[in-house]
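J.:
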Amino acid sequence: MLPGLVRATLIFCSNQFKTLENAVNTKSAGFNIVEAVCQGSSKEMGYAQGEGVLKKIHSARHVLAQLEAFRLQQPWWMPYRAYRRLADFKATQFLAQCNNAEMSQRLAGIAEGAGISLPAICLFNAMEPLLSAVGGCTACPGACSTVAVRGRRSVTGEPMVARNFDYLPLVQPFYIVRESRPKGKLRSLEFTTAPLAGAVDGMNEEGLCIIYNYAFTIDEQSNPAPPISIAISEALERCGTVTEAAEWISSRPRCGGGILMLCDASGDVASLELSSTRSYLRRPSAGEDVLFHSNAFSSSTMREVQVPWDAIFTNKAARALRGRSLHESSALRDKRFFQLLEEADVIDVSRLGNIMADHGPGNMPSDNTPCVHGSYWFTTACLQFFPNERRMRVAYSSACCADFEDVTL
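Numbered by the numbering used here, the letters in the sequence shown go through residues 1 to 409 in order.
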């Protein structure tokens, strides 16, 4: 478990809400959606990432000073630079104890390629494992949604997966897509943030897709363990099917909570619910060809380690969240997805995009609609996956105004 000082960095909060209209127009700037091609050994892949997106990594380092919750945990008597150095040290200690050589090499490569200290990179990567460890209801892992369709529910019969990545606009400038080419293993396209060794979402050359939604958990590993994003990258390198990926990820030591949508080229889909100590695999009911989830567990065994359903954010959280229900957004978004998918018999790409862009029955976007427009969270990226075509579509925007870029393995 990370000490409270590092736990405070998990929150990614800011009092000042920044709208996506102020973001850079990446198309007009000649933006290439794949910003880093990482190949070779773990160290070499990390170096390529660090070198390829070094400006984003350095910018992310500066943004730490603007994060409300990080600064709220700073002792009044400690200068900011001393506080940040101490957080760096604690994060480095934590990740070193995870005993994952490939992760350690990749972190070292990112730091070297970006020309930044290893402890600074460790701090960013130590933020992720406990994003969803909110026993005190202080963290804010965001509000993501994922929908998978296949078979008779898909207009082509082939599987499609769509996801909204709902997070803080403050973090959006640090999103990247990288192409990973590990030596002797499977190639993949991965969505992540510039300093992270692991993947948030990805698709490999076999057509296996893995999409990561955060979940709210209270159990912890007895020993330090890598973030779930590391297990995702490992699975994309090694696995070609949903079954293989579920078995691999479930068997790996990990820290934090999440719900992974798994889909492969055969049309197999599953929702893998994870905590630090448990896992549960949910497939569509018999005769069903659609599956969806947001951030709440479905199984009773997983809900035993989920933050209680009536939990609210405490006064240790960002000011915009205090007093709010932790699970309200997940419950309402799940209810709305159920309604929308019941109304749609056969779904094409356009219909799937409209479902993800929905603003509720009254067309009033909020924290609780599939396309999130809140006072705190916002849909900051949208992705679509087509396993049979090995194609991924990406837009760094809200779902209601997504202008996708296509990339194919």
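Cβ atoms here follow ideal geometry from the backbone N, Cα and C, with glycine treated the same way.
For residue 246 versus residue 262, is the C-beta distance shorter than 8 Å?
T.: If you number the sequence shown from 1, residue 246 lands on position 246. If you number the sequence shown from 1, residue 262 lands on position 262. Yes, the Cβ-Cβ distance between residue 246 and residue 262 is below 8 Å.
J.: Check the DSSP bridge columns for residue 372 and list the partner residues they point to.
T.: In the sequence shown, residue 372 corresponds to position 372, counting from 1. In DSSP, residue 372 forms no bridge with anything.
J.: Could you work out which residue in 184, 198, 167 is closest to residue 177 when comparing CA atoms only?
T.: Here residue 177 refers to the residue found at position 177 when the sequence shown is read from its first residue. For residue 177, the nearest C-alpha among the options comes from 198.
J.: Between 207, 72, 330, 313, which has its C-alpha nearest residue 323's C-alpha?
T.: The residue given as residue 323 occupies position 323 in the sequence shown. With distances taken between Cα atoms, residue 323 lies closest to 313.
J.: Run through the stretch 323 to 354 for me and flag every whole alpha helix (DSSP H) of 4 or more residues, listed as ranges in chain order.
T.: Those alpha helix (DSSP H) runs which fall completely within the stretch 323 to 354 and span 4+ residues are 328 to 343.
J.: With DSSP collapsed to three states, give me the class of residue 28.
T.: Indexing the sequence shown from 1 puts residue 28 at position 28. Here the model assigns residue 28 a pLDDT of 36, short of 50, so the residue's position is not dependable and the matter cannot be decided.
J.: Going by CA-CA distance only, name the one from 207, 282, 72, 317 that's closest to residue 411.
T.: No information on residue 411 is available, as it lies outside the stretch 1 to 409 that the chain covers here.
J.: Cβ atoms of residue 380 and residue 463: under 8 Å apart, would you say?
T.: Absent from the model: residue 463. The displayed extent of the chain is 1 to 409, so no value can be given.
J.: Please return the same chain residues whose Cβ sits closer than 7 Å to the Cβ of residue 76, not counting the five positions on each side in sequence.
T.: Counting from 1 along the sequence shown, the entry for residue 76 is found at position 76. Cβ within range, chain order: n/a, list empty.
J.: Out of curiosity, what's the CA-to-CA distance linking residue 2 and residue 96?
T.: One-based indexing of the sequence shown puts residue 2 at position 2. One-based indexing of the sequence shown puts residue 96 at position 96. Residue placement at residue 2 is poorly supported in this model, since its pLDDT is 45, which falls under 50; the coordinates are not used for a value here.
J.: Would you identify the three-state DSSP class for residue 93, choosing helix, strand or coil?
T.: The residue given as residue 93 occupies position 93 in the sequence shown. DSSP places residue 93 in helix when its eight states are reduced to three.
J.: Our contact map puts residue 149 next to residue 53 with C-beta atoms below 8 Å; I'd like the distance itself, whole angstroms only.
T.: Here residue 149 refers to the residue found at position 149 of the sequence shown. Here residue 53 refers to the residue found at position 53 of the sequence shown. The C-beta distance from residue 149 to residue 53 rounds to 33 Å, too long to meet the 8 Å contact threshold.
J.: I want to know whether the stretch 216 to 232 touches the stretch 64 to 73 - three or more CB-CB distances under 8 Å.
T.: no
J.: From the DSSP secondary-structure annotation, give me the bridge partner or partners of residue 382.
T.: As a position in the sequence shown, residue 382 is number 382, starting the count at 1. DSSP lists 164, 395 as partners of residue 382.
J.: Measure the beta-carbon distance from residue 123 to residue 87 and round it to whole angstroms, keeping in mind my assumption that it falls under 8 Å.
T.: Here residue 123 refers to the residue found at position 123 when the sequence shown is read from its first residue. Here residue 87 refers to the residue found at position 87 when the sequence shown is read from its first residue. Residue 123 to residue 87, Cβ: 6 Å. Contact.
J.: Check for me: the alpha helix (DSSP H) holding residue 182 runs from which residue to which?
T.: Locating residue 182 in the sequence shown gives position 182, counting from the first residue. Here residue 182 belongs to no alpha helix (DSSP H); instead the beta strand (DSSP E) covers 175 to 182.
J.: Strictly by DSSP, which residues pair up with residue 213?
T.: For the purposes of this step, residue 213 is identified with residue 213 of the sequence shown, where counting begins at 1. Looking at the DSSP assignment, residue 213 forms a beta bridge with 259.
J.: If you drop the 5 nearest sequence neighbours on each side, which residues of the same chain put their C-beta closer than 6 Å to that of residue 240?
T.: The residue labelled residue 240 in the question sits at position 240 within the sequence shown. The residues are 206, 208.
J.: Would you mind working out which of 390, 274, 60, 59 sits nearest residue 306, comparing C-alpha positions?
T.: For this step, residue 306 is matched to residue 306 along the sequence shown. For the residues 390, 274, 60, 59, the minimum Cα distance to residue 306 belongs to 274.
J.: Please report the distance separating the alpha-carbon of residue 126 from that of residue 152.
T.: Your numbering for residue 126 matches position 126 in the sequence shown. Your numbering for residue 152 matches position 152 in the sequence shown. Straight-line Cα distance between these residues: approximately 42 Å.
J.: Going by DSSP, what residue range makes up the beta strand (DSSP E) through residue 109?
T.: One-based indexing of the sequence shown puts residue 109 at position 109. That residue, residue 109, is in no beta strand (DSSP E); its alpha helix (DSSP H) goes 101 to 114.
J.: Reducing DSSP to helix, strand and coil, say where residue 207 ends up.
T.: Walking along the sequence shown from the start, residue 207 turns up at place 207. Here residue 207 sits in coil by DSSP.
J.: Three-state secondary structure (DSSP) at residue 282?
T.: Numbered from 1 along the sequence shown, position 282 holds the residue referred to as residue 282. Residue 282: strand per DSSP, three-state reduction.
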